[in-house]
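Below: one structure, written as structure tokens.
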Amino acid sequence: MYRKCLEKAASTDFFLQKVTTNAAIEFHLNKDLEQLITSCTEFGSITNLEVVSHHFVDSNKIVSVTGRSRYKVRTSTDYNDCYIRGICFLSDGKFIMADHKNKCVKLLDKTYNCIMQTELVGYPLSMCTISTNEVALTVGYLRSINENYFL
């Protein structure tokens with residue numbers, strides 16, 4: 001399974017390097033931003049003027065689960081049971097996971113042992129890989145503002 005993940009990550013990187021586009025992105029500034037920063041719901045909008053065509057995606061491909069395993073990811077500093085909201089595979093074979101109830105992200109080695117844990121000021125809501133060694137993480141607060149982090 002580990003080798004398959006490495007192969008998929010490598011083929012994804014190769015594909016992303018081959019995909020080229022002439023997309024133009026514009027940012028439209030919200031003029032009321034400075035005056036209404038405390039009550040403003042958006043900073044502006046981003047418009048993608050061209051669409052990239054991905055010819056290699058087969059939307060009819062059937063995906064199936066071939067196995068399942070359980071691993072202990074709770075650490076001595078966790079004050080709640082773990083509630084994993086996201087997990088991402090990194091190119092070096094490690095995994096990063098978002099633990100919602102303990103407000104942290106955990107870095108796991110290839111054998112699923114926690115080798116690093118970083119506390120967050122809010123609750124991790126969602127995460128995804130944006131390159132082979134970079135993750136985008138959305139952190140939320142109780143009925144309040146959400147923030148994005150790049151790890």
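If you use the working numbering, the sequence shown corresponds to residues 1 to 151, in order. All C-beta atoms, glycine included, are put in the ideal place defined by N, C-alpha and C. All values derive from a computational prediction rather than experimental measurement.
Three-state class that DSSP yields for residue i in the structure shown
{"i": "Leu-6", "result": "helix"}
{"i": "Asp-13", "result": "helix"}
{"i": "Thr-66", "result": "coil"}
{"i": "Leu-142", "result": "coil"}
{"i": "Ala-24", "result": "coil"}
{"i": "Ser-126", "result": "strand"}
{"i": "Asn-152", "result": "Given that the chain is displayed from residue 1 to residue 151, the structure contains no residue 152 and the question cannot be resolved."}
{"i": "Val-121", "result": "coil"}
Supposed contact pair residue j and residue i - C-beta distance, whole angstroms, cut 8 Å
{"i": "Gln-117", "j": "Thr-66", "result": "Not really, about 30 Å apart at Cβ, beyond 8 Å."}
{"i": "Leu-6", "j": "Gly-86", "result": "About 20 Å separates the two Cβ atoms, so there is no contact after all."}
Sequence-distant residues of the same chain with beta carbon closer than 7 Å to residue i, five excluded per side
{"i": "Ala-9", "result": "Phe-89, Ser-91, Thr-132"}
{"i": "Tyr-149", "result": "Leu-137, Val-139"}
The ligand ADP heavy atom lying under 8 Å from the CB of residue i
{"i": "Met-97", "result": "Looking at this structure, you won't find the ligand ADP or any other ligand, since it has none at all."}
Close beta carbons around residue i, own chain, < 8 Å, minus the five adjacent residues each side
{"i": "Asp-81", "result": "Arg-74, Lys-101"}
{"i": "Cys-128", "result": "Gly-86, Cys-88, Val-135, Ala-136"}
6 Å CB neighbourhood of residue i in its chain, flanking five on each side removed
{"i": "Asp-13", "result": "Thr-132"}
Contained beta strand (DSSP E) runs [length at least 3] in the stretch 80-110, N- to C-terminal order: 84-89, 95-99, 104-108
The stretch 107-115 touching the stretch 123-143, judged by at least three CB pairs closer than 8 Å: no
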